[in-house]
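One structure is given below, encoded as structure tokens.
Numbering (the working numbering), first residue to last: 7 to 528.
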């Protein structure tokens, strides 16, 4: 297990004292060591200045300040000071944006419940108020708290290209079929990476998950909680697993929903997603076929429905459709929009409508779904969702894949999914040429000594396929990981409407009742 920054500083001071008779140590170096320790103490003893929440910044997606939370009261926002580099606690500081709604039952309050909604790249300051109705039962005994992790939103958010450049970047062909298309993709990718380094080079080395996990422990202490009570979703489960590995004794009641597989590297994770999104598309198409004439799409079998989608995407490769305003729907944006809609069964009707419109010559709905995936608002500004996603993933994962390496892997990805194989294989290009090396092949989440962590997996989850939940529970440790299975569709189980899942999660977080291992819901 890695040693905390403060522990390393203390150890250095003890060595100086022991070796003072045989080593020549300057007064300046002794002073800097004392100063670093004091700076760490100052950070842990800081007081948060909670105040009215401002309107979300453009990097958070824009919009207006959040409406009052369900159950009354108000949202409060504050800024937590953290080291840019936890290995240098006395060095440069950055601010992390926090938001909270206080528990409504103050007499029986347990503490803070910290949320991370995934990505990486999602602004917790924006997402928590938007989703607060789903967590109303938990607010009775918890202050609901979330944050913009480092590199995201208002927390020293990573910046790459400007809005106009991003419109062109996301419209380009991400699945090249010719040498000329490949050269164009590589050129544009290099320009994007260069822009990230130009605008955020100072930040890029320090946005990885390990640094963010250390932020959470500082957050726990400043919030006044002896243990970290935590609700992580998607990537938030990876962040929670790394936290549990670093601070097993500080883990309180924790839930990991839509768990990431901690045993896979970047390539294996993308290949699993190709299979997961193909399965979700199969299930969506089967639903269409089962509804017969009620479905807007033609095709008497799943294969026929999907063949029509493949034909649509092939047509868009050469002939984009009118989209929204001056923008067209390209093949890449249509694929992106389909992926976005498969994240939740609630979006299945939108996907059906979007494909139907596109087959009729209009691409506006699929383009809107693609914009949602890329963090583009109605006024044409982009959040830093995708820039932060790249920065965190590339700081975390060692894998670097160039064009030749991706081409060699295309057959396997195509076998996994005829629709999404190329799209997800070429997505591996993202960290090629990145200016910061990755930390690991895959994260260490072993957490012996931690309290039980409830790990929830959904059988039809396309983005974090179900097998990952079992592996997360296993890697956390036999006495730590408690797996719960939800037989359903979509990314995440708690908000899917299943009473069994909600009762199990609420029972643990509110009353400490650990569900039986292997509980099946749905």
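Note that CB positions come from ideal geometry on N, CA and C, so glycine has one too. Nothing here was measured: the structure is a model prediction, and the numbers come from that model.
Identity of the residue in the options nearest residue i by Cα
i: residue 267; options: 461, 391 and 110; result: 461
i: residue 419; options: 282, 193 and 476; result: 282
i: residue 262; options: 83, 477, 431 and 345; result: 477
i: residue 178; options: 501, 335 and 346; result: 335
i: residue 491; options: 425, 479 and 447; result: 479
i: residue 617; options: 486, 482 and 393; result: No information on residue 617 is available, as it lies outside the stretch 7 to 528 that the chain covers here.
i: residue 231; options: 149, 305 and 153; result: 149
i: residue 176; options: 385, 364, 379 and 100; result: 379
Close Cβ partners of residue i (< 6 Å) along its chain, the five nearest in sequence each way excluded
i: residue 388; result: 169, 172, 381 and 382
i: residue 374; result: none
i: residue 133; result: 123
i: residue 11; result: At residue 11, the pLDDT of 28 sits below 50, so the modelled position is not reliable; the number obtained from the coordinates is stated separately. Here the set comprises 92, 93 and 95.
i: residue 350; result: 496
i: residue 55; result: 84
N-terminal and C-terminal residue of the beta strand (DSSP E) that residue i is part of
i: residue 149; result: 148-153
i: residue 121; result: 117-122
i: residue 235; result: 234-239
i: residue 99; result: 99-107
Whole-angstrom C-beta distance between residue j and residue i, which should lie under 8 Å
i: residue 117; j: residue 235; result: 6 Å
i: residue 303; j: residue 362; result: 6 Å
i: residue 160; j: residue 63; result: 5 Å
i: residue 241; j: residue 124; result: 4 Å
i: residue 499; j: residue 464; result: 5 Å
i: residue 247; j: residue 451; result: 3 Å
i: residue 512; j: residue 192; result: In fact, because the Cβ distance is near 49 Å, the residues do not count as touching under 8 Å.
Continuous alpha helix (DSSP H) stretch holding residue i: start and end
i: residue 415; result: 409-422
i: residue 282; result: 272-296
Residue i to residue j span [Cα, whole Å]
i: residue 397; j: residue 403; result: 10 Å
i: residue 278; j: residue 206; result: 31 Å
i: residue 233; j: residue 289; result: 41 Å
i: residue 319; j: residue 326; result: 9 Å
i: residue 417; j: residue 428; result: 9 Å
i: residue 308; j: residue 296; result: 10 Å
i: residue 506; j: residue 119; result: 21 Å
i: residue 475; j: residue 412; result: 27 Å
i: residue 395; j: residue 220; result: 19 Å
i: residue 343; j: residue 97; result: 43 Å
i: residue 355; j: residue 437; result: 34 Å
i: residue 331; j: residue 497; result: 31 Å
i: residue 100; j: residue 443; result: 22 Å
i: residue 445; j: residue 310; result: 44 Å
i: residue 126; j: residue 400; result: 11 Å
i: residue 131; j: residue 60; result: 10 Å
i: residue 81; j: residue 103; result: 13 Å
i: residue 136; j: residue 264; result: 19 Å
i: residue 291; j: residue 317; result: 15 Å
i: residue 369; j: residue 328; result: 6 Å
Sequence-distant residues of the same chain with beta carbon closer than 7 Å to residue i, five excluded per side
i: residue 359; result: 302 and 371
i: residue 245; result: 122, 215, 218, 219 and 238
i: residue 76; result: 138, 139 and 142
Chain-order list of residues whose beta-carbon lies under 8 Å from that of residue i (same chain, five-residue window excluded)
i: residue 520; result: 458, 460, 488 and 514
Cutoff 7 Å: residue i Cβ touching any chain C Cβ
i: residue 477; result: No chain C appears in this structure, which consists of one protein chain only.
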